[in-house]
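*Asks:*
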Amino acid sequence: MKVLITGANGMVARAAVRYCREIGDEVTALTRQELDISDKSDVQDLFKRKKFDAVINCAAYTDVDGAESNQEDCFRANAYGVENLARASKAIDAAFVTISTDYVFDGSNAGFYTQRDTPNPQGVYGASKLEGEIRARNAYARSIIVRSGWIFGADGTNFLSVMHKLLADGKKIKAIEDAYGTPTYAVDLAKRLRELAGLDLPSVYHVTNPGEGTSYAGFARKVCELKGFDTELLESASADSLKRPAPRPSSSKLACLFSEKFGLSPLQNWESGLEQFLNEQ
């Protein structure tokens, strides 16, 4: 399969590139500098020159707090850019997969969010991602939307991905006790993105590693358990105490209604994914 992967410098994109090449795909991986998805003419020119079988969009504006003061940039990447890719994919009859987020939900559901739940984003980042979902579906009925969250893995710069390095250096970290989600190992997410591209069944999918979910503090304690780090390095904190600019859902655990029904095998439990990640570092 000829696959385009956008946002090639990102954690999930890197994992997707590795996996797709491992299974024999012909991969074109482009960074933001090589392809700005918000530039409609650049996108159209690329798709006229190259005929892809599938497009996996990993390009995104991911600075949740920065989005509050940079709304235009955020929507340009997460909404308008997604629409550009969807339209271009339609023009060449390619499967189109794009990543959305658990932040499209408001956090009022203490259980698991499924595709039956109505999105209600509380911040600019979540709103931009939801707008991207809508624009993709309106532009191309064949679009596959993948909501995920709490992603960790190699090449990642977020808190979940670097926590083990901080603890290994003996640094104390603040871990939030009252925010809950379903951790997702980037390697597993990347494989599922490619599976969905091949399955080519348009829908909204929730892709995370199974389990009961956890808090940031619970994730940190599991890191300590697996690596033998001192739990005294962990300082419990509330989400409100950090006074971050952007509102976030207090609980954004995801579950999918469709994956197994469509013949997709369950991903490994998030604790197993975390152990695999830590063992590979």
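Anchor point for the sequence shown: position 80 equals 79 in numbering that gives the first Met the number 0, and the numbering is continuous, going up by one each time.
All C-beta atoms in this analysis are idealised placements derived from N, C-alpha and C, irrespective of residue type, glycine included.
Let me know the secondary structure DSSP gives Phe207 once reduced to three states.
*Replies:* As a position in the sequence shown, residue 207 is number 208, starting the count at 1. The displayed chain sequence assigns Thr, not Phe, to residue 207. Of the three classes helix, strand and coil, the one that applies to Thr207 here is coil, per DSSP.
*Asks:* Out of curiosity, what's the CA-to-CA distance linking Phe37 and Tyr79?
*Replies:* Along the sequence shown, read from residue 1 onward, the residue named residue 37 stands at position 38. Along the sequence shown, read from residue 1 onward, the residue named residue 79 stands at position 80. Looking at the sequence shown, residue 37 is not Phe but Ser. In a straight line, the C-alpha of Ser37 is about 6 Å away from that of Tyr79.
*Asks:* Is it true that the CB of Ser142 sits closer than 7 Å to the CB of Thr207?
*Replies:* What you label residue 207 is simply residue 208 of the sequence shown in a count that begins at 1. What you label residue 142 is simply residue 143 of the sequence shown in a count that begins at 1. No, the pair does not count as a contact, with Cβ atoms beyond the cut-off.
*Asks:* Between Ile98 and Ala138, which are expected to be in contact by the criterion C-beta below 8 Å, what is the C-beta distance as a whole number of angstroms?
*Replies:* Residue numbering aside, residue 98 sits at position 99 when the sequence shown is read from its first letter. Residue numbering aside, residue 138 sits at position 139 when the sequence shown is read from its first letter. Going by Cβ atoms, the distance from Ile98 to Ala138 rounds to 16 Å, so no, they are not a contact pair.
*Asks:* By the three-class DSSP mapping on this structure, what secondary structure does Glu194 have?
*Replies:* The residue given as residue 194 occupies position 195 in the sequence shown. Three-state DSSP puts Glu194 in a helix.
*Asks:* Of the residues Ser88, Phe111 and Leu165, which one's Cα is nearest the Cα of Gly210?
*Replies:* What you label residue 210 is simply residue 211 of the sequence shown in a count that begins at 1. Selected option, being the one with the closest Cα: Phe111.
*Asks:* Kindly indicate the opening and closing residues of the beta strand (DSSP E) around Glu25.
*Replies:* Locating residue 25 in the sequence shown gives position 26, where the first residue counts as 1. Residues Glu25 to Leu29.
*Asks:* Using the Cβ count rule (16 or more neighbours within 10 Å means buried), how would you classify Gly125?
*Replies:* Sequence index remark: in the sequence shown, residue 125 carries index 126 (1-based). Counting Cβ neighbours within 10 Å, Gly125 comes out buried, since at least 16 surround it.
*Asks:* If you measure between the beta carbons of Leu277 and His163, is that distance less than 7 Å?
*Replies:* In the sequence shown, the residue the question calls residue 277 occupies position 278. In the sequence shown, the residue the question calls residue 163 occupies position 164. In contact: Leu277 and His163 (Cβ atoms closer than 7 Å).
*Asks:* Please give me, in chain order, every unbroken run of the beta strand (DSSP E) with length at least 3 that falls completely inside the segment 119-189.
*Replies:* Entirely contained in the segment 119-189, the beta strand (DSSP E) runs reaching 3 residues are, in chain order, 142-147 and 172-175.
*Asks:* Return helix, strand or coil for Thr230, following the three-state DSSP convention.
*Replies:* The sequence position of residue 230 within the sequence shown is 231, counting from 1. Reduced to three states, the DSSP call for Thr230 is helix.
*Asks:* Where do the ends of the beta strand (DSSP E) carrying Val2 lie?
*Replies:* As a working note, residue 2 is residue 3 in the sequence shown. Where Val2 is concerned, the enclosing beta strand (DSSP E) stretches over Lys1 to Thr5.
*Asks:* If I'm right that Asn8 touches Thr30 with Cβ under 8 Å, what's the distance once you round it to whole angstroms?
*Replies:* For the purposes of this step, residue 8 is taken as the residue at position 9 of the sequence shown. For the purposes of this step, residue 30 is taken as the residue at position 31 of the sequence shown. Right, their Cβ atoms sit about 5 Å apart.
*Asks:* Indicate the three-state DSSP secondary structure (helix, strand or coil) for Ala109 in the structure shown.
*Replies:* As a working mapping, residue 109 is identified with position 110 in the sequence shown. Coil at Ala109, not helix or strand.
*Asks:* Could you say which of Met0, Lys128 and Asp187 lies nearest to Asp24 if we only look at CA atoms?
*Replies:* As a first step, residue 24 is located in the sequence shown; it is residue number 25 there, counting from the start. With distances taken between Cα atoms, Asp24 lies closest to Met0.
*Asks:* Measuring alpha carbon to alpha carbon, tell me which of Lys50, Gln121, Tyr184 and Gln114 ends up nearest Leu256.
*Replies:* Numbered from its first residue, the sequence shown carries residue 256 at position 257. If we check each option's Cα against that of Leu256, Gln114 comes out closest.
*Asks:* Could you check which residue in Phe218, Tyr179, Glu234 and Val161 has the C-alpha nearest to that of Leu253?
*Replies:* By 1-based counting over the sequence shown, the position of residue 253 is 254. Here the closest residue by C-alpha is Tyr179.
*Asks:* Decide yes or no for the touch test of the segment 236-245 against the segment 151-161: beta carbon pairs closer than 8 Å, at least 3 of them.
*Replies:* Contact between the segment 236-245 and the segment 151-161 is absent, because fewer than three Cβ pairs lie under 8 Å.
*Asks:* For Thr181, tell me which candidate among Ala153, Thr100, Gly155 and Asp154 has the shortest Cα-Cα distance.
*Replies:* As a first step, residue 181 is located in the sequence shown; it is residue number 182 there, counting from the start. Taking only the C-alpha atoms, the option nearest Thr181 is Thr100.
*Asks:* Distance, Cα to Cα, Leu198 vs Glu234?
*Replies:* Numbered from its first residue, the sequence shown carries residue 198 at position 199. Numbered from its first residue, the sequence shown carries residue 234 at position 235. Cα to Cα, the separation comes out at about 44 Å.
*Asks:* With 16 as the cutoff for other CB atoms within 10 Å, does Glu33 come out buried or exposed?
*Replies:* If you number the sequence shown from 1, residue 33 lands on position 34. Exposed: under 16 other Cβ atoms inside 10 Å.
*Asks:* Looking at Ala282: is its Cβ nearer than 7 Å to the Cβ of Ala174?
*Replies:* Absent from the structure is residue 282, since the part of the chain shown begins at 0 and ends at 280.
*Asks:* Tell me the start and end of each unbroken beta strand (DSSP E) in the segment 38-81 that is at least 3 residues and wholly inside, in chain order.
*Replies:* DSSP runs (the beta strand (DSSP E)) wholly in the segment 38-81: 53-56.
*Asks:* With DSSP collapsed to three states, give me the class of Ser240.
*Replies:* Within the sequence shown, numbered from 1, the residue matching residue 240 stands at position 241. Residue state, collapsed to three classes: helix.
*Asks:* Looking at the structure shown, is Phe257 part of a helix, part of a strand, or coil, going by DSSP?
*Replies:* On the sequence shown, residue 257 is found 258 positions in, with the first residue counted as 1. Three-state DSSP puts Phe257 in coil, outside helix and strand.
*Asks:* Count the C-beta pairs between the segment 63-83 and the segment 12-24 that are closer than 8 Å, then say yes if the count reaches three, no if not.
*Replies:* As far as the Cβ criterion goes, the segment 63-83 does not touch the segment 12-24, which means the pair count is below three.
*Asks:* When you compare only the Cα positions, how much space is there between Thr156 and Ile91?
*Replies:* Here residue 156 corresponds to residue number 157 of the sequence shown, with the count starting at 1. Here residue 91 corresponds to residue number 92 of the sequence shown, with the count starting at 1. Each residue's Cα considered, the two are about 34 Å apart.
*Asks:* Can you name the start and end residues of the beta strand (DSSP E) that Phe95 belongs to?
*Replies:* Stepping through the sequence shown from its first residue, residue 95 is reached at position 96. Phe95 -> beta strand (DSSP E) spans Ala94 to Thr100.
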